[in-house]
Amino acid sequence: MPKDIDVLPDFTTGQIDIQSIPKFVYDSSLAGELAGGLTHTEAKRLLRYMMVIRAFEERIAELKSGRYAGLPGFRFIGASHLSIGQEAVAVGTMAGIRPDDYITSTHRGHGHSIAKGAFAIESMTQEQLAEFIGVPPTDAPREALLQQAFQMHLHRTMAELFGKEEGYCRGRGGGMHIADFHVGHLGANAIVGGSLAIATGAAMACSKLENDRVVVCLVGDGGVSNGIAAESFNFACMDQFKAGTPVIYLIENNQYAMTGQEAGEVTGVRYLAQRGAGFDEENMNAEVVNGMDVLAVRDAVRRGAAKCRNGDGPVLLECMTYRYMGHSLSDSGETYRSKDEEQAWRREDCIERYVCQMVETGVITKAELEQLDAAMRAALDEATLSAYHSPDPDPKEMYAGLYATSTSEDIGQEWRTPDDEILRPWRKVRRDSKGQMLYRHAVAEAVAEEMMRDRRVILYGEDVADYGGAFQATRGLLATFGRERVFNTAISESAIVGTAVGAAMVGLRPVAEIMYIDFLLMAMDQTGNQAAKAQYMFGGKATIPMVIRTTIGGGKGYAGQHSQSLEAIPAHIPGLKIAMPSTPYDCKGLLKTAIRDDNPVIFIEHQNLYDQRGVVPEEDYTIPFGEAAIRREGGDLTIVAYSSMAPVALEAAARAADELNVQAEVVDPRTVCPLDVETIAASVRKTGRLMLVTQAPATGCFSEHIAYAVQERCFGDMKAAPRIVAAYDVPPPMAQTLEQENIPSPERVLEAIEALVS
Ligand SMILES: Cc1ncc(C[n+]2csc(CCOP(=O)(O)OP(=O)(O)O)c2C)c(N)n1
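Residue numbers (our numbering): 91 to 848.
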């Protein structure tokens with residue numbers, strides 16, 4: 091399908107104009123806002139939440155030093171990145187969005203979490219409040235329920251910091267990874283910048299699901315220099331997203347990363363809002379905001395959210411603020427900044443300035459202020475003690491939340507793609523007279539069937555649309571499902587994976603392609619720290635139904651960066667599932683299972699198998715993960731091989747039978763995670779010998795793990811030490827002589843069989 095726009099040569103002399111970026115344009119005040127409709131209750135809420143955040147952070151400082159009188163002798167362990175000084179950003183942001191909007195947060199995110207939850211509570215129905223508090227539906231007065239819910243919110247926040255079972259993430263995440271999906275908090279991220287792509291993907295999903303929601307991505311001034319920022323900004327700005335991407339990137343510029351100073355030292359710009367220039371023609375609607383003024387932040391976020399809902403996102407806001415304390419409580423903050431600077435910012439203190447306006451406008455009296463302060467401190471004392479005395483997680487529950495047990499298996503017709511959204515009927519891939527089709531066509535058929543079955547499934551990656559992917563495995567899908575669901579991305583592996591995580595968090599089921607597994611190394615944070623960990627870290631509350639389809643090369647002389655078999659790397663990170671089909675039948679069945687699974691799956695295809703033929707039924711079928719296939723039976727040794735090494739092992743086994751009179755049993759695990767060790771061990775118990783064949787270099791390859799796991803189970807039954815036939819410990823070489831020797835061949839396997847049985 092040709093693209094809509096022809097890019098014609100145009101060499102006209104001229105200059106490129108970049109629009110100017112507004113700064114500090116808010117020109118109202120509390121009096122102005124009250125005249126414009128802000129109620130006294132709303133105005134008080136802003137103050138109350140800023141005060142509670144500050145008191146909360148001060149409490150953490152007390153607990154960290156062991157000086158909290160309520161818990162003598164107790165010293166808090168865990169991260170302590172406090173946001174004292176920055177409260178206006180957290181509160182102004184949450185006041186500027188709707189309670190059903192989403193946020194992502196940072197390692198300095200206690201304030202974000204407290205404010206997001208607090209505003210959400212205010213909007214809850216009576217029934218929701220009762221559920222949140224954990225009591226049966228009640229007709230108790232709303233004010234009382236609100237108070238109890240707020241108390242519960244503080245308790246669960248503090249409990250998470252203490253690593254308690256009643257914490258928001260069941261103590262699995264702690265303060266740096268706090269999340270509450272029920273109120274749209276998609277998680278704090280201790281990887282600086284780590285949530286930029288997640289927020290982008292969540293926003294893309296909001297747009298595609300047409301739910302009118304906005305995502306605010308809170309990110310530090312340091313975080314926004316991380317590479318993922320550029321990929322995410324570009325992704326959000328892609329012209330093909332005609333409805334815009336409803337995301338506000340909100341840079342909370344507290345002037346320092348850990349100690350690196352943004353303006354003047356570690357960047358080349360005065361304002362990070364300037365980064366918006368270059369991603370779209372509107373500078374991403376960038377603006378610099380006074381982050382010490384809660385009303386200015388609220389105003390900018392409200393305007394930004396309106397733009398996003400109007401289809402004009404993304405928006406980039408830089409809120410200028412300051413942290414009064416050091417980076418964490420181990421940093422005095424004195425080695426890299428002056429007292430004068432600190433004092434100058436303290437004179438702009440967001441709470442003091444707002445209190446002055448509150449008193450001046452008569453919204454609050456000094457006496458009421460004192461009452462508010464006392465009530466809040468009492469609530470905080472209660473939450474500190476209740477959290478401290480609440481139960482610890484049970485070590486027997488170590489694995490709770492690591493993998494979701496749910497799937498989309500039973501969705502029935504609920505999400506079926508309506509006929510009028512099918513642009514061209516999907517033509518079943520024609521089988522040959524033996525009912526066979528190519529491995530590459532099995533990929534397309536699996537994705538097509540799942541896209542038909544579930545309109546939440548989308549497919550994207552580099553060149554997957556018109557071209558059908560570098561290996562033509564997704565050809566035809568664009569014509570059937572259109573660009574809303576099948577689209578190209580820029581060369582941004584981190585953003586491809588990260589956006590899939592975010593999209594999966596809020597309701598889509600993305601299938602994202604990484605052209606070669608070698609390039610997965612470009613996306614390791616998003617794969618290993620985000621996709622793999624989100625479910626567990628957030629207490630099992632998130633589900634991440636996403637598939638990363640990728641491929642292994644080798645044998646084509648593409649050398650070091652296009653020929654690796656890297657499955658051991660993701661397999662090392664708990665939280666991912668990994669499938670490695672070796673036949674067209676498995677390819678289709680496993681891919682359909684992967685798409686229906688509610689966990690992140692790395693689906694590894696092999697380029698050398700794309701032209702392999704095999705029988706693939708036309709009817710709907712899936713293959714469960716964690717069930718190995720015995721490809722050939724034999725009694726003399728067991729060979730374990732997956733992906734392109736399975737046919738190599740089979741050929742070697744056939745020759746061993748003919749030439750050596752040795753009967754090898756060949757087991758193909760099909761998924762390396764979960765791994766069906768029991769089937770392999772049962773085979774080894776029978777044969778007494780184990781050989782593993784892998785295209786990966788020997789050291790640290792996944793086969794080493796299989797060998798260990800099998801020996802752990804049946805060492806006593808083994809007649810010899812296991813033997814691994816692997817690639818050499820070198821990057822894959824280009825020269826044919828070297829490459830052919832490097833990748834295990836039937837001949838090398840045959841030699842190893844001979845050695846093992848003798
Ligand atoms: C990718 C990554 N690099 C380094 C760190 C260590 N680290 C933690 S916080 C921090 C500073 C982050 O600065 P910024 O994004 O401005 O947020 P702030 O701490 O100022 O809130 C650093 C370097 C990390 N957590 N993640």
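Glycine included, every Cβ here is placed at the ideal spot set by N, Cα and C.
Cβ neighbours of residue i in the same chain (closer than 6 angstroms, five flanking residues each side left out)
i: V706; result: M527, A532, P674, Y675 and K678
i: D389; result: Y116
i: A239; result: I211, L219, F222 and I223
i: A376; result: I111, A363, G366 and L406
i: V767; result: A799
i: V576; result: L549, A555, L567 and L568
i: G558; result: T564 and R565
i: Q651; result: D608
Reduced DSSP category for residue i - H, G, I as helix; E, B as strand; rest coil
i: V554; result: coil
i: L308; result: strand
i: S848; result: coil
i: N698; result: helix
i: T194; result: strand
i: I187; result: coil
i: P508; result: coil
i: E372; result: coil
i: E755; result: strand
i: N832; result: helix
i: R149; result: helix
i: R436; result: helix
i: Y346; result: strand
i: L727; result: strand
i: C804; result: helix
i: R365; result: helix
i: V359; result: coil
Through-space distance from residue j to residue i, alpha-carbon basis
i: V337; j: R392; result: 12 angstroms
i: G263; j: F628; result: 6 angstroms
i: T102; j: N316; result: 35 angstroms
i: Y493; j: T683; result: 15 angstroms
i: A797; j: R803; result: 10 angstroms
i: M140; j: R399; result: 27 angstroms
i: V839; j: K667; result: 28 angstroms
i: D191; j: Q176; result: 21 angstroms
i: V314; j: P515; result: 44 angstroms
i: A183; j: G310; result: Looking at the sequence itself, residue 183 is Thr, so the reference to Ala does not match. Rounded to whole angstroms, T183 to G310 spans 14 angstroms at the Cα level.
i: M824; j: H696; result: 18 angstroms
i: A754; j: S793; result: 18 angstroms
i: Q330; j: I95; result: 11 angstroms
i: A249; j: R427; result: 34 angstroms
i: A386; j: G126; result: 14 angstroms
i: T335; j: G354; result: 32 angstroms
i: A320; j: P231; result: 49 angstroms
i: Q447; j: A469; result: 25 angstroms
i: R260; j: K776; result: 44 angstroms
i: D510; j: Y444; result: 54 angstroms
i: Q187; j: V379; result: The question names Gln, but residue 187 is Ile in the sequence shown. In a straight line, the C-alpha of I187 is about 16 angstroms away from that of V379.
Close Cβ partners of residue i (< 8 angstroms) along its chain, the five nearest in sequence each way excluded
i: G778; result: L727, D807, M808, K809 and A810
i: D819; result: P787, A788 and T789
i: Q702; result: L528, Y529, T673, P674 and P737
Residue i Cβ short of 6 angstroms to ligand 2 heavy atom set
i: H200; result: In terms of ligand content, the structure shown lacks ligand 2 and carries ligand 1 instead.
For residue i: DSSP bridge partner residues
i: V691; result: V637 and K667
i: P849; result: This structure cannot speak to residue 849, because the chain is shown only from 91 to 848.
i: L407; result: L340 and E377
i: P600; result: I548
i: L528; result: R703
i: K113; result: V378
i: N578; result: G551
i: A278; result: S195
Any C-beta of chain D under 7 angstroms from that of residue i
i: A210; result: Structure shown: chain D not included; a single protein chain is present.
7 angstroms Cβ shell around residue i - same chain, five flanking residues per side excluded
i: A719; result: D758 and R760
i: A883; result: Nothing can be reported for residue 883, as the shown portion of the chain is limited to 91 through 848.
i: A208; result: Y139, F240 and H243
i: F561; result: R530, T641, Q697 and Y700
Quiz item: So which residues put a beta carbon under 5 angstroms from any heavy atom of ligand 1, going in chain order?
Solution: The set, ordered by position in the chain, is R198, I281, V282, G310, D311, G312, G313, N344, A347 and M348.
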